[in-house]
Structure formats: C-alpha cells, structure tokens
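Q:
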Amino acid sequence: TTDEGSFDHGLRQGVGVYVWPDLTVFAGHFESGRMEPKGRKTWPDGSSYTGEFSSGLPHGSGVFVRGSVVQAGVWVRGRLVEHIIERSTNPDDIYLDGICLN
331 TTDEGSFDHG LRQGVGVYVW PDLTVFAGHF ESGRMEPKGR KTWPDGSSYT GEFSSGLPHG
391 SGVFVRGSVV QAGVWVRGRL VEHIIERSTN PDDIYLDGIC LN
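Per my numbering, the very first residue in the sequence shown carries number 331; after that it's consecutive.
Here is the structure:
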C-alpha cells in the first residue's frame with residue numbers, strides 16, 4: 331500500500347494518490363479519508379473510472395473504460411444509472427441496454 335498526499339488527523343485530505351496491494355490506484359481528491367469529490371481509479375486489468383466520487387464510490391458524472399468499451403453517464407453508489415454515451419472502439423460491437431451482444 332502506498333500513500334502520497336496530505337493528512338489531517340490521520341486521514342487523507344486534499345489531492346493525493348493511494349495504491350492498494352493489488353495495484354489498484356486512485357489519484358484525486360480525498361475528504362476526511364474518503365475518495366471524493368473527483369478523481370481517477372484504475373484497476374490492474376487496465377479499466378478505469380474518471381469522474382465524481384462519494385464515500386469512495388463512483389457517484390455523479392463519470393466515464394468508465396474497460397478495453398474497447400467506454401461508458402459515460404451518471405453513477406449512483408457505484409452503479410451506472412443513466413447512460414449518456416456508450417461506445418466501443420470496435421465497430422462490429424452491438425449494444426442493447428448497455429450490454430454487448432457480440
């Protein structure tokens with residue numbers, strides 16, 4: 331585990347970077363030790379979420395990228411609830427309600 335940034339009363343505060351043992355990385359803002367309000371979280375498989383966070387979860391406007399799939403929309407407590415954009419860099423991919431059918 332790696333911590334970079336400021337601390338207040340032992341809690342992460344302000345802009346910083348946190349790396350988990352599995353190499354998941356969050357770079358962004360911390361308030362009272364929680365990832366919020368904005369940042370980027372990247373997982374070991376290369377997928378990432380960039381946008382707003384609340385209590386450490388995607389919450390608000392954000393973009394999730396996994397491989398060739400890009401999902402932009404509104405997130406509530408870590409779940410995508412409103413698609414604004416969903417696309418794939420593979421022109422042969424077909425989507426229905428956010429699910430790739432190929």
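Heads up, the beta-carbon is just placed ideally off N, CA and C, and yes, glycines get one too. Computed from a prediction, not measured in an experiment: that's the story for all the values here.
(1) Quick check: what's the CA-CA separation for Gly-397 versus Glu-334?
(2) Checking the sheet assignment: what are the DSSP bridge partners for Glu-382?
(3) List the endpoints of the continuous beta strand (DSSP E) containing Arg-407.
(4) First and last residue of the beta strand (DSSP E) that includes Gly-358?
(5) Can you tell me whether Trp-350 is buried or exposed? The criterion is at least 16 other CB atoms within 10 Å of its CB, across all chains shown.
(6) Decide if His-389 is buried, meaning its Cβ has at least 16 other Cβ atoms within 10 Å, or exposed.
(7) When you compare only the Cα positions, how much space is there between Arg-409 and Arg-342?
(8) Between Leu-387 and His-339, what straight-line distance do the alpha-carbon atoms span, to the nearest angstrom?
A: Taking the geometry as given:
(1) Within the sequence shown, the letter at position 67 stands for residue 397. Within the sequence shown, the letter at position 4 stands for residue 334. Looking at the two C-alpha atoms, the distance is approximately 28 Å.
(2) Reading the sequence shown from its first residue, position 52 is the one you call residue 382. Listed as beta-bridge partners of Glu-382 by DSSP are Lys-368.
(3) Sequence index remark: in the sequence shown, residue 407 carries index 77 (1-based). From DSSP, Arg-407 is part of no beta strand (DSSP E); its letter is neither H nor E.
(4) Translated into positions along the sequence shown, residue 358 becomes position 28. For Gly-358, the enclosing beta strand (DSSP E) stretches over residues 355-361.
(5) Working through the sequence shown from its first residue, we reach residue 350 at position 20. Flag for Trp-350 reads exposed.
(6) The count along the sequence shown starts at 1 and reaches residue 389 at position 59. Buried, since its Cβ has 16 or more Cβ neighbours within 10 Å.
(7) Here residue 409 corresponds to residue number 79 of the sequence shown, with the count starting at 1. Here residue 342 corresponds to residue number 12 of the sequence shown, with the count starting at 1. If you draw a straight line from the Cα of Arg-409 to the Cα of Arg-342, it comes to about 25 Å.
(8) Locating residue 387 in the sequence shown gives position 57, where the first residue counts as 1. Locating residue 339 in the sequence shown gives position 9, where the first residue counts as 1. If I take the Cα positions, the gap works out to 23 Å.
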